[in-house]
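Working notes for the structure below.
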Amino acid sequence: VPVSAVGCGGDMVQVTLTVYPGPVLDPDLDATVCSEEAGGIVLDIAAGSIAVTNYNITNINVANGLVAYIGNATAGNGKPANEIESDKFTNTSSTAKTVVYDIVPVGTTGCKGDMVQVTLTVNPEPVIDPGLNTTTCSDVAGGIILDVASGSVAAAGYNITSIAVNPSLVAGPGNATTGNGLSSNAIAGDKFTNATAGPLTVVYDVAPVSADGCTGDVVQITLTVNPEPILDPGINSTTCSDATGGITLKVAGGSVTAANYNIT
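Residue numbers for the sequence shown follow full-length UniProt numbering, beginning at 1 and rising by one.
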């Protein structure tokens with residue numbers, strides 16, 4: 001009711017304030033993935049909330065130690081529900097790291113809901129020790145024990161995806177084969193015969209796997225097999241009593257040179 005300066009009252013009028021509801025973000029959007037896997041988070045509203053038109057991402061806080069992929073989401077207004085779905089981060093540390101998104105849902109009326117923090121936890125991928133290459137002799141076990149690099153999360157097992165053996169090498173019985181979930185000593189006993197004149201290689205493609213099931217990058221581990229000299233099979237000789245045998249030790253054609261000889 002309006003009242004004038006002299007005290008006269010006007011007619012009563014009803015004034016109505018219409019309050020539109022703000023949308024409410026789904027509180028269960030947090031997710032956990034492995035390093036270099038898409039987060040898979042699709043923004044959505046809670047049950048009973050009004051519909052949304054889009055979402056405002058007001059901040060993205062990436063923990064130290066995570067490396068964001070090119071093309072990941074950025075902060076901004078009017079984002080679609082799948083804006084952060086494909087985000088990937090590399091985590092080669094020893095612990096899980098988080099990415100926290102500050103999200104504000106915007107309703108069809110233009111009303112904004114409360115800001116909610118959505119957390120993506122990125123479990124680490126193990127990293128193979130870069131110093132596992134080694135050299136051995138023909139018919140001697142390579143002795144390679146698979147391990148992770150300093151500062152890496154531990155590996156629960158190893159996937160051997162390929163073993164490339166030089167065709168001039170002869171693999172020993174019981175050598176490793178490709179497979180998943182193998183132990184750290186899977187290739188330690190591998191032996192190869194090298195009867196050529198030079199060193200030959202075996203290249204293993206190995207990926208470490210953490211206890212959380214996160215797979216690290218494939219790394220090539222090289223075993224170099226040095227050749228064994230082959231004694232010339234034609235050095236047998238016949239001589240007379242009290243005469244010198246005349247046998248000169250030498251290697252067969254195509255063999256690596258012998259530095260000396262062991263007479264057992």
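Virtual Cβ for every residue (Gly too), placed ideally from N, Cα, C. As the structure is a prediction and not an experimental result, all values here were calculated from the model.
| Asked | Found |
| --- | --- |
| Where the beta strand (DSSP E) containing Ser162 begins and where it ends | Gly157 to Val165 |
| Option in Val33, Val3 and Glu85 with minimal Cα separation from Val42 | Glu85 |
| At least 3 beta-carbon pairs within less than 8 Å: the stretch 3-15 vs the stretch 96-115 | no |
| Whole-angstrom distance between Asn159 and Ala207, CA atom to CA atom | 5 Å |
| Among Val24, Phe89 and Ser184, nearest to Ile70 - alpha-carbon criterion | Phe89 |
| Alpha-carbon to alpha-carbon, Lys79 and Asn61 | 17 Å |
| Cβ-based neighbour list, Ser168, same chain, cut-off 6 Å, excluding 5 preceding and 5 following | Thr196 and Leu200 |
| Buried versus exposed call for Ala252 [16 or more other C-beta atoms within 10 Å across all chains shown] | exposed |
| Contact belief for Gly142 with Asp190 at Cβ below 8 Å, rounded distance in angstroms | 5 Å |
| 8 Å contact criterion, which Thr53 and Thr108 should meet: CB distance rounded | 5 Å |
| DSSP three-state assignment for Tyr204, whether helix, strand or coil | strand |
| Sub-9 Å separation of Glu228 and Val256 beta-carbons | yes |
| Option nearest Ala63 by Cα separation, candidates Thr248, Asp217 and Leu120 | Leu120 |
| Where Ala149 sits in the DSSP three-state scheme | coil |
| Cβ neighbours of Ser94 in the same chain (closer than 7 Å, five flanking residues each side left out) | Pro124, Gly151, Ser152 and Val153 |
| Length-filtered (3 minimum) beta strand (DSSP E) runs lying within the stretch 37-69 | 52-62 and 66-68 |
| Distance between Val1 and Val15 (C-alpha atoms, nearest Å) | 10 Å |
| 6 Å CB neighbourhood of Tyr261 in its chain, flanking five on each side removed | Leu249 |
| Cβ pair Val104, Gly113 closer than 9 Å | yes |
| Opening and closing residue of the beta strand (DSSP E) in which Asn133 lies | Asn133 -> no beta strand (DSSP E), and no H or E assigned at all. |
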